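Undergrad: I have a structure I would like to understand better, so I am pasting it below and will then ask my questions one at a time.
Residue numbers (my numbering): 176 to 662.
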């Protein structure tokens, strides 16, 4: 029983999770025992790769111990999902500056020095095929022209460029919020896989303990058979049960190693780095208890929902930019510099020109762009509404699971204790010769099932607590609180 208790302190990790089904909804593995590998929640829009990571560092032969906070920190830095979100934010910031440049002054400078010979007839001096003007040769030069000049272009009125800049700003804000949502989600992924690795390790320990019990019972059956106290079938039955426990122990050990490998990939450990897990987990703050307040908090704080709203605003600004492209725009072009035959005799000169551009006919281009923008805007609004509904159902489901799994945990704890007592009494009855080992085998199976149900119930209870925290958008805030406000 001490092995199973190692799974109990799952509080912090699973509180950082969310969107996973509770124990009552988990699928089963062969033998009818519940499994602890439910699917991950849906990642934030525009991101991916959360089950991948970029290995960092050099592997050593020393076995290192990785705690849950260390695993989360490594995942935030090296997980492929967060790296992709960072890259998306960089692209969005670049697009914002590019659109903003259309509204800011465009200043450039140019310095030229030219040596040239001119044909005056090519510029209309003199009659074609005849002589040039009296006193002027056909060719003038060679002579130098030096020109140093600064050019400025400024948009005065351009509704299309203004709304393009607004759209890019909203897109950049959405990318920033998506990055935050990606960080929250990668905390969820890393914590989930850490817990699954802990649970798989606890299952392996539990299976090993049950194998030791089955081996001891087989030896006891051999001794009783040798003393003529039981029939041979009892010895065979004990050997079969020992073989079953051996298979379970092998499968559990294999699952434990694979769970650690998956965790290592997500958090970006060096390839081949041996490590162990730390079962000492910090405590969690209390979770919200009022459903309506939790839902309202989620709408205010969930970065994925706020990012969806920003994408709607970006689509609205894009549509306004298309409308603005059909309206007149005003620009001013100016230059100032010095020009002369040489730098020493150059004189100052300048020019200022204002231009009004009026679109008249564009062959249906604006109408086509408007149709595309309207479709994109409808899609963005539908996505935001869908996400809002999804948040409501996530939070509501987490509250239901929290209540249900709390009751399941109480029942599973009692069932585990009763199964252990039943096994002890069955062993005593079998040793006393007043019962066959059918009771013992059945009691062993009951203990195995009770242990699995206890682990699944504990997992489901803590998972529901984590789903509430993630559902209201407080994942990283809780992590900050656990770390004392440090990153």
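Cβ atoms here follow ideal geometry from the backbone N, Cα and C, with glycine treated the same way. Keep in mind that this is a model prediction, so the values were computed, not measured.
What are the complete beta strand (DSSP E) segments, minimum 3 residues, inside the stretch 314–363?
TA: Entirely contained in the stretch 314–363, the beta strand (DSSP E) runs reaching 3 residues are, in chain order, 314–332.
Undergrad: Residue 510 bridges to which residues according to DSSP?
TA: Bridge partners of residue 510: 326 and 526.
Undergrad: Considering Cα atoms alone, identify which of 541, 646 and 336 is closest to residue 664.
TA: Given a span of 176 to 662 for the chain in the structure shown, any question on residue 664 remains unanswerable.
Undergrad: Cutting at 6 Å between CB atoms, please list the residues of its own chain near residue 413, excluding the five before and the five after it.
TA: Result list for residue 413: 392, 393, 396 and 612, in chain order.
Undergrad: Do residue 426 and residue 386 have their C-beta atoms closer together than 8 Å?
TA: Contact: no.
Undergrad: Check each candidate in 313, 272, 332 and 377 and name the one with the smallest Cα separation from residue 505.
TA: Answer by Cα proximity: 332.
Undergrad: Let's test the definition: count the other Cβ atoms within 10 Å of the Cβ of residue 285 and tell me whether it reaches 16, buried, or not, exposed.
TA: Looking at its Cβ environment, which holds fewer than 16 other Cβ atoms inside 10 Å, residue 285 is exposed.
Undergrad: Of the choices 358, 585 and 649, whose alpha-carbon is the least far from that of residue 247?
TA: Residue 358 is the option with its Cα nearest to residue 247.
Undergrad: Output yes or no for whether 8 Å exceeds the beta carbon distance between residue 478 and residue 648.
TA: Their beta carbons are under 8 Å apart, which means residue 478 touches residue 648 by this criterion.
Undergrad: With a CB to CB cut of under 8 Å and the five nearest residues on each side skipped, what residues in its chain are close to residue 417?
TA: Only 386, 389, 390, 392 and 393 meet the Cβ criterion.
Undergrad: Quick one: Cα of residue 352 to Cα of residue 249, how far?
TA: Using only the alpha carbons, I get a separation of about 21 Å.
Undergrad: Does residue 565 come out as helix, strand or coil in the three-state DSSP assignment?
TA: Looking at residue 565 - three-state DSSP - the assignment turns out to be helix.
Undergrad: For the putative contact between residue 415 and residue 256, defined by C-beta atoms under 8 Å, what is the C-beta separation to the nearest angstrom?
TA: Contact flag wrong, Cβ pair sits at about 47 Å.
Undergrad: Based on Cα-Cα distance, which residue from 252, 641 and 511 lies nearest to residue 580?
TA: Per the Cα distances, 641.
Undergrad: Which runs of the beta strand (DSSP E) at least 3 residues long sit entirely within the stretch 222–285? Give them in chain order.
TA: Segments of the beta strand (DSSP E) lying fully in the stretch 222–285: 239–241.
Undergrad: Taking 8 Å as the threshold, find out whether the stretch 337–356 comes into contact with the stretch 264–273 through three or more Cβ pairs.
TA: Flag = yes, the stretch 337–356 and the stretch 264–273 touch.
Undergrad: Just to confirm, is the Cβ distance from residue 501 to residue 461 under 8 Å?
TA: For residue 501 and residue 461, no; Cβs fall outside 8 Å.
Undergrad: To which residues of the same chain is residue 617 closer than 8 Å at the C-beta, ignoring the five residues directly before and after it?
TA: 601.
Undergrad: Taking all protein chains shown into account, decide if residue 447 is buried (16 or more other Cβ within 10 angstroms of its Cβ) or exposed.
TA: Looking at its Cβ environment, which holds fewer than 16 other Cβ atoms inside 10 Å, residue 447 is exposed.
Undergrad: My guess is that residue 438 and residue 368 are in contact by the Cβ rule of under 8 Å, so how many angstroms apart are they, rounded?
TA: The pair is a contact, with the Cβ atoms about 4 Å apart (cut-off 8 Å).
Undergrad: Between which two residues does the beta strand (DSSP E) harbouring residue 466 extend?
TA: It is not in any beta strand (DSSP E) - residue 466 instead sits in the alpha helix (DSSP H) that spans 466–476.
Undergrad: Which residue's Cα is closest to the Cα of residue 622: 653, 596 and 312?
TA: Among 653, 596 and 312, the Cα nearest to that of residue 622 is on 596.
Undergrad: Return the CA-CA distance between residue 408 and residue 643, expressed in angstroms with no decimal places.
TA: Answer to the nearest angstrom: the Cα atoms are 53 Å apart.
Undergrad: Among the residues of its own chain, which have a CB less than 7 Å from the CB of residue 584, if the five just before and after it don't count?
TA: Hits under 7 Å: 632, 633 and 636.
Undergrad: For residue 650, count the other beta carbons within 10 Å of its own beta carbon; 16 or more makes it buried, fewer makes it exposed. Which is it?
TA: It is buried - the Cβ of residue 650 has at least 16 other Cβ atoms within 10 Å.
Undergrad: Give me whichever residues DSSP pairs with residue 504 in a beta bridge.
TA: For residue 504, which the question treats as bridged, DSSP gives the partners 532.
Undergrad: When the distance is taken between beta carbons, is residue 375 closer than 8 Å to residue 271?
TA: In this structure, residue 375 does not lie closer than 8 Å to residue 271 by Cβ.
Undergrad: Exposed or buried, residue 493, counting other C-beta atoms within 10 Å across all chains shown (16 or more means buried)?
TA: With 16 or more Cβ atoms within 10 Å of its Cβ, residue 493 is classed as buried.
Undergrad: Let's see if you can read the secondary structure: which residues bound the alpha helix (DSSP H) around residue 446?
TA: First-last for residue 446: undefined, no H or E at that position.
Undergrad: Suppose you measure from the CA of residue 488 to the CA of residue 573; what does that come to, to the nearest Å?
TA: Cα to Cα, residue 488 sits roughly 30 Å from residue 573.
Undergrad: Assign residue 658 to one of three DSSP states: helix, strand, or coil.
TA: Looking at residue 658 - three-state DSSP - the assignment turns out to be coil, as it is neither helix nor strand.
Undergrad: State the Cα-Cα distance for the pair residue 402 and residue 429, rounded to the nearest angstrom.
TA: Each residue's alpha carbon lies about 39 Å from the other.
Undergrad: If we count Cβ pairs, one from each stretch, closer than 8 Å, do we get three or more for the stretch 513–520 versus the stretch 321–336?
TA: Yes: the two stretches touch, three or more of their Cβ pairs being nearer than 8 Å.
Undergrad: Taking only three categories from DSSP, how would you classify residue 515?
TA: Here residue 515 sits in strand by DSSP.
Undergrad: Grab me the residues of residue 588's own chain with a C-beta within less than 7 Å of its C-beta, minus the 5 sequence neighbours each way, in chain order.
TA: Cβ within range, chain order: 629.
Undergrad: Between the Cα of residue 233 and the Cα atoms of 552, 445, 466 and 458, which residue gives the shortest distance?
TA: Closest option to residue 233, Cα to Cα, is 445.
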